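Remarks on the structure that follows.
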Amino acid sequence: MTLEMRLWLIAAASLCAFFLLGFSVVHAPSLWSVDVGASALRGRVIPLALVFTTSGRALPLLAVAIAGIVIVAIARANVIVSVAIFASQLLSQGAVELLKHVFRRSRPDAWFINRDLGFSYPSGHATTAIVFFGSWLVFVLMSPLPKVPKIIMATALAVWMAGVDWSRVALGAHYPTDVFGGTLFGVAFACALWALLLHFHYPALKY
């Protein structure tokens, strides 16, 4: 089985799990005690949580995307892939907004700093953590960078992805299952992105 086919299978499995979880948390929320236990995580290290959450909003993401595309262009690497990551981020967030209206799950009652509008499932930030930051992580790992810089950058991106997810629960903006759902949808979307890039012969970096 080719890598492209495996990616499509992972995308399909993640999408199925995403819908199963979504309908479960909406119609049988009592099954998910993790959402009740999440109260212990809320209100912790609010300033740091705000940094992670803000990084997942439109303007910071746009700035990071532009900086990344410029750096890749200067390095004379494959700019198409970096542009595709940004385009995938935009498309995935549009899809998340539509899916929120499918599940129509209310957000938690406990909030810290600014109440977000809209429905709760899935978490758009969790999807961003995978589709945007996760795709840049893959991009870095597949690059011809020296080992030490590659490890440092990959570790920073992995920590940032986890931080974004944690921040949504810490700020009371989402239930943990919203974050799980956003992660599943992000995995499906990111796997589809990389499967398409492989299909059209665009590796992460090509000199």
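Quick note on numbering: the sequence shown equals residues 336 to 542 in my numbering. Think of the CB as a built atom: it goes at the ideal place given N, C-alpha and C, for glycine as much as any other residue. Owing to the predicted nature of the structure, the values given are computational and were not obtained by experimental measurement.
Flag this pair as yes or no: are the beta carbons of residue i and residue j separated by less than 7 Å?
i    : j    : result
A505 : A384 : yes
G403 : H460 : no
L342 : W529 : yes
D513 : Y456 : yes
G516 : G357 : yes
W446 : G507 : yes
S417 : V431 : no
Which residue marks the beginning of the alpha helix (DSSP H) containing residue i, and which one marks its end?
i    : result
P395 : 393 to 409
A384 : 381 to 390
A508 : Careful: A508 lies outside any alpha helix (DSSP H) and carries neither H nor E.
T337 : Neither: T337 is in no alpha helix (DSSP H) and is coded neither H nor E.
S478 : Where S478 is concerned, there is no enclosing alpha helix (DSSP H), given that its DSSP letter is neither H nor E.
H436 : 414 to 438
V371 : 368 to 372
G460 : Per the sequence presented here, residue 460 reads as His, with Gly not at that position. Start and end: 459 to 463.
Can you have a look at residue i and say buried or exposed, based on whether 16 or more other CB atoms are within 10 angstroms of its CB?
i    : result
C351 : exposed
G521 : buried
K435 : buried
V360 : buried
I465 : buried
G429 : exposed
A363 : exposed
Y440 : Reading the sequence as shown, one finds Arg at residue 440 and not Tyr. The residue in question, R440, is buried, as its Cβ has 16 or more Cβ neighbours within 10 Å.
T462 : buried
A346 : buried
A422 : exposed
Which same chain residues end up closer than 8 Å to residue i when comparing Cβ atoms and leaving out the 5 residues on each side of it in sequence?
i    : result
L426 : F524
F353 : P457, G516, L519, F520, A523
F387 : W495, G498, V499, W501, S502
C526 : L342, W343, I345, A346, S349
Please report the Cβ distance between residue i and residue j, rounded to the nearest whole angstrom; I am assuming they are in contact, meaning their Cβ atoms lie under 8 Å.
i    : j    : result
G469 : M488 : With a Cβ gap of about 13 Å, G469 and M488 do not count as contacting.
H536 : E339 : That belief does not hold up - the Cβ atoms of H536 and E339 are roughly 11 Å apart, past 8 Å.
Leaving aside the five residues before and after residue i along the sequence, list all residues of the same chain whose C-beta is less than 7 Å from its C-beta, in chain order.
i    : result
A493 : L472
A532 : According to the sequence displayed, residue 532 carries Leu and not Ala. V416, A419.
Y510 : D370, A373, P443, S455
I'd like the list of long-range same chain contacts for residue i, defined as Cβ closer than 6 Å, with 5 residues on each side in sequence excluded.
i    : result
Q424 : V466, F467
A400 : F421
S349 : L519, V522, A523
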